[in-house]
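Have a look at the structure below, then the notes.
In my numbering, the protein residues as written are -6 to 243.
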């Protein structure tokens, strides 16, 4: 799903909703924060992202995505184990060993290209869902996006579990350099989705409601490991760095 290095408020899910729709009792406040986030995204982040894509070839962005996926694999393995997913944990371990050894520190996805062992994402928010922890109300996090309190709690835990800054050569970086590297990871993932975000906004009469619905559907898909438990009326394929090879490599 990707590592956001922002200060997050630790809110444990205190309310539950078994509805298929997102539970949004704080809608009025969430909409105001969403409007602020949208203004920042449209006027600052999106233009910079388009400039980044214009100067950074797709192969470079792919290497960045692969590197950060690989270095964060221990978190995925940890959550696979907590969820009782032995096969998926072994696949992640295999990918980590192969890509680290033969993929230039994980910048090349050798495991998928030659052994067809594909990447999958797991996080502590998904683990909480598997354990039966209620989703809780949705909160729009400033500078980020709407997410359930369960997902928000999971992200806080994942930040402390993420070994990205404890591995060489990252361990030698100072604070400013570490923030810069983390921002590159986040920004690369964000840049791949700018066009799709614009398409979603143009097609939605209510961008906030549409965004909340799409994110909720995507999250359920992640929790179910891609096995749909219920039909969705519409699908938006947001790229987390999987398939940017369709662009001309420079």
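Using N, Cα and C, we set each Cβ at its ideal position, and we do this for glycine too.
With H, G and I counted as helix, E and B as strand and the rest as coil, what does DSSP make of residue 130? coil
Excluding five sequence neighbours on each side, which residues of the same chain lie with their C-beta closer than 6 Å to the C-beta of residue 200? 194
State buried or exposed for residue 182, treating a residue as buried only when at least 16 other CB atoms are found within 10 Å of its CB. buried
Starting from residue 139, follow the alpha helix (DSSP H) in both directions and report where the run begins and ends. Note, residue 139: premise wrong, no alpha helix (DSSP H); beta strand (DSSP E) at 139 to 141.
Cβ separation of residue 100 and residue 60, assumed to be a contact under 8 Å, to the nearest whole Å: 5 Å
For the stretch 42 to 50 against the stretch 73 to 93, do three or more pairs of beta-carbon atoms, one drawn from each stretch, fall closer than 8 Å, so that the two count as touching? no
In the structure shown, what three-state DSSP assignment does residue 50 receive? coil
Check whether the Cβ atoms of residue 27 and residue 133 lie closer than 8 Å to each other. yes
Residues of its chain near residue 110, where Cβ-Cβ distance is below 7 Å and the 5 sequence neighbours each way are ignored: 84, 87, 88 and 104
According to DSSP, simplified to helix, strand and coil, what is residue 44? helix
In angstroms, rounded to a whole number, what distance separates the CA positions of residue 90 and residue 69? 14 Å
Tell me the rounded alpha-carbon separation between residue 77 and residue 218. 13 Å
Between the C-alpha atoms of residue 206 and residue 119, what's the straight-line distance to the nearest angstrom? 18 Å
Taking its Cβ as the centre, do 16 or more other Cβ atoms sit within 10 Å of residue 30, making it buried, or is it exposed? buried
Cβ neighbour criterion (16 or more within 10 Å) applied to residue 122: buried
Are there 16 or more other CB atoms within 10 angstroms of the CB of residue 173, so buried, or fewer, so exposed? exposed
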